[in-house]
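A.B. asks: Chains S and P, in that order, are what the protein sequence lines are. Under UniProt numbering, residue 157 is the last one in the first sequence; the count climbs by one each step, no gaps. Under UniProt numbering, residue 157 is the last one in the second sequence; the count climbs by one each step, no gaps. Every residue gets a Cβ at the ideal spot worked out from N, C-alpha and C, and that includes glycine. The structure that follows is given in the form of structure tokens.
2 protein chains.
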Amino acid sequence: MPGIDEKDREILRILRKEGRITLTELGKRVGLSPASVKNRVEKLEKLGAIKGYSAIIDPAFLDEYVQAFFELKLAIDDHTIDPILRRVAKLDEVQSLYRRSGERQILVRASFHDTDEVKAFAGRLKRLFGKNLERVEVTLIIDTFKENWVSCETGKR
Amino acid sequence: MPGIDEKDREILRILRKEGRITLTELGKRVGLSPASVKNRVEKLEKLGAIKGYSAIIDPAFLDEYVQAFFELKLAIDDHTIDPILRRVAKLDEVQSLYRRSGERQILVRASFHDTDEVKAFAGRLKRLFGKNLERVEVTLIIDTFKENWVSCETGKR
DNA sequence: GCTGAAATTCTGGAGTG
DNA sequence: CACTCCAGAATTTCAGC
């Protein structure tokens, strides 16, 4: 990675686990003044190294009692479906969306209030992908032990 | 959820997408003074509604060019393996770890510098779970479109 | 990348309904 | 009891070096 030094990487590694750390404390950790850290963080945001910041929330407190993975097997395996994927990514229920190797190329993680919503969402996926969608496998999340480098302690939700 | 009102849920929904928002701005959005928001956020952290805060980082900037899902089929399906799962969750390479329904009960997402590390990690998993581990399926992440409610724009990394 | 000063935010206590 | 207000502390921010 050009233009990125070890201090930038330190900053990224810290922010990944402590997204709300102050610039002052971050400066102390990496050995820079608050102003310099700010410049670096702004650079990293501009470069796209930092996509955003997120709190790790227990979905139960938002009455989202059902979380599920949707594994999609698509007929097409190229970038022609990217526009559809971006549309799916924008949906409010969708927490994460990945393209990966293997048969079930698309993995979606989403949160719902109840199982009816899961069914409705699966239907929405079928409509959005149309005949490109060969198969959908749904699995329900039972425990979350770690999410985005943040430990979820007991794993109970 | 007892003791949680609509304003708390608003706060959680906003923090999920904007983890680094100031308490002042958060207060404006939900119609409360900064001090009140602070009290509520502290309450939500204490209750475990907020597990932590995380920046969404493009792994390439940390020279983590290989990201993978590990889907584990375990011989045992109860909570006796929870201690092992917690040990796996603590590993530095592990970004997320879930227990879910279906045959491949455990899903791990992890980041690596190269494919050798992937192989080494798979070996480590086998050692940790021992004879409880029936099968490991590894898939490589090609694109990340959304991560923890944060859009990753182009999906390119 | 640092310094220093100004603007903003944070924070804890006292006061209000 | 949760909220607001307010003042002091800390942080952020921006200028100039």
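Leaving out five residues on either side along the sequence, give the residues of the same chain with a beta carbon under 8 Å from the beta carbon of Ile81(P).
C.D. replies: Along the second sequence, one-based indexing puts residue 81(P) at 81. Answer for Ile81(P): Leu74, Phe129, Asn132, listed in chain order.
A.B. asks: For a contact defined as C-beta to C-beta under 8 Å, what are the partners of Asn148(S) on chain P?
C.D. replies: For the purposes of this step, residue 148(S) is taken as residue 148 along the first sequence, with counting starting at 1. Residues of chain P passing the Cβ test: Ser54, Ile56, Gln95, Ser96, Glu147, Asn148.
A.B. asks: If the cut is a Cβ gap below 7 Å, which residues of chain S does Leu18(P) touch?
C.D. replies: Here residue 18(P) refers to the residue found at position 18 when the second sequence is read from its first residue. This sequence places Glu at residue 18(P); Leu is not what is there. Simply Tyr53.
A.B. asks: When the cut-off is 8 Å and only beta carbons count, does Thr144(P) lie next to chain S?
C.D. replies: Here residue 144(P) corresponds to residue number 144 of the second sequence, with the count starting at 1. The beta carbon of Thr144(P) falls within 8 Å of a beta carbon belonging to chain S, placing the residue at that interface.
A.B. asks: Among Asp114(P), Arg20(P), Lys146(P), Ile57(P), whose alpha-carbon lies nearest the alpha-carbon of Asp92(S)?
C.D. replies: The residue labelled residue 92(S) in the question sits at position 92 within the first sequence. Among Asp114(P), Arg20(P), Lys146(P), Ile57(P), the Cα nearest to that of Asp92(S) belongs to Lys146(P).
A.B. asks: Output, in chain order, the set of chain P residues within a Cβ distance shorter than 7 Å of Thr139(S).
C.D. replies: Taking the first residue of the first sequence as position 1, residue 139(S) is located at position 139. Result: Arg100, Ser101, Gly102.
A.B. asks: Could you name the residues of chain P that Ala122(S) contacts, counting a contact when the two beta carbons are closer than 8 Å?
C.D. replies: Counting from 1 along the first sequence, the entry for residue 122(S) is found at position 122. Ordered by position in chain P, no residue passes the 8 Å Cβ test against Ala122(S), which lies about 15 Å from the chain.
A.B. asks: Secondary structure at Ala68(P), three-state DSSP: helix, strand or coil?
C.D. replies: Here residue 68(P) refers to the residue found at position 68 when the second sequence is read from its first residue. If DSSP states are grouped into helix, strand and coil, Ala68(P) belongs with the strands.
A.B. asks: I think residue 168(S) touches Val150(S), with their Cβ atoms under 8 Å apart; what is that distance to the nearest whole Å?
C.D. replies: Past the edges of chain S, shown from 1 to 157, lies residue 168(S), and the structure says nothing about it.
A.B. asks: For Thr144(S), name the three-state secondary structure that DSSP assigns.
C.D. replies: The sequence position of residue 144(S) within the first sequence is 144, counting from 1. If DSSP states are grouped into helix, strand and coil, Thr144(S) belongs with the strands.
A.B. asks: Which residues in chain S sit within 7 Å of Gly48(P), going by Cβ to Cβ distance?
C.D. replies: As a working note, residue 48(P) is residue 48 in the second sequence. Neighbours of Gly48(P) on chain S, chain order: Asp58.
A.B. asks: Please give me, in chain order, every unbroken run of the beta strand (DSSP E) with length at least 3 that falls completely inside the region 100-154 of chain S.
C.D. replies: 106-112, 133-147
A.B. asks: Buried or exposed: Thr115(S), going by 16 or more other Cβ atoms within 10 Å of its Cβ?
C.D. replies: Counting from one through the first sequence, the residue named residue 115(S) turns up at place 115. Thr115(S) sits exposed, since fewer than 16 C-beta atoms from the chains shown fall within 10 Å of its C-beta.
A.B. asks: Can you give the Cα-Cα distance for His113(P) and Arg124(P), rounded to whole angstroms?
C.D. replies: Indexing the second sequence from 1 puts residue 113(P) at position 113. Indexing the second sequence from 1 puts residue 124(P) at position 124. The straight-line gap from Cα to Cα measures roughly 16 Å.
A.B. asks: Starting from Ala55(P), trace the beta strand (DSSP E) both ways and give me its first and last residue.
C.D. replies: Numbered from its first residue, the second sequence carries residue 55(P) at position 55. Residues 50-57.
A.B. asks: What is the rounded straight-line gap between the Cα of residue 176(S) and the Cα of Leu97(P)?
C.D. replies: This structure leaves residue 176(S) out entirely; chain S is present only between 1 and 157.
A.B. asks: Closer than 8 Å, CB to CB, is Arg86(S) near chain P or not?
C.D. replies: Start at 1 with the first residue of the first sequence, and residue 86(S) comes out as number 86. Put simply, the CB of Arg86(S) is near chain P, with a gap under 8 Å to one of its CB atoms.
A.B. asks: Quick check on Ser33(P): does DSSP put it in helix, strand or coil?
C.D. replies: Within the second sequence, residue 33(P) is the residue found at index 33, counting from 1. Looking at Ser33(P) - three-state DSSP - the assignment turns out to be coil, as it is neither helix nor strand.
A.B. asks: Using a beta-carbon distance below 8 Å, is Phe129(P) in contact with chain S?
C.D. replies: Residue numbering aside, residue 129(P) sits at position 129 when the second sequence is read from its first letter. No, Phe129(P) does not count as interfacial toward chain S.
A.B. asks: Once DSSP output is grouped into helix, strand and coil, what is the label at Leu91(P)?
C.D. replies: Here residue 91(P) corresponds to residue number 91 of the second sequence, with the count starting at 1. For Leu91(P), the three-state secondary structure derived from DSSP is coil.
A.B. asks: Taking Arg9(S) as the query, report the chain P residues whose CB atoms sit under 9 Å from its CB, ordered along the chain.
C.D. replies: If you number the first sequence from 1, residue 9(S) lands on position 9. Under the 9 Å cutoff, chain P gives Phe61, Leu62, Asp63.
A.B. asks: Please confirm whether Ala35(S) has its beta-carbon closer than 8 Å to some beta-carbon of chain P.
C.D. replies: In the first sequence, residue 35(S) corresponds to position 35, counting from 1. So no, Ala35(S) is outside the interface.
A.B. asks: Determine which residues share a DSSP beta bridge with Leu97(P) and list them.
C.D. replies: On the second sequence, residue 97(P) is found 97 positions in, with the first residue counted as 1. Leu97(P) pairs with Lys146(S), Val108(P).
A.B. asks: Under the assumption that Ser54(P) contacts Gly19(S) (Cβ atoms under 8 Å), give the Cβ distance between them as a whole number of angstroms.
C.D. replies: For the purposes of this step, residue 54(P) is taken as residue 54 along the second sequence, with counting starting at 1. For the purposes of this step, residue 19(S) is taken as residue 19 along the first sequence, with counting starting at 1. 5 Å between Cβ atoms; contact.
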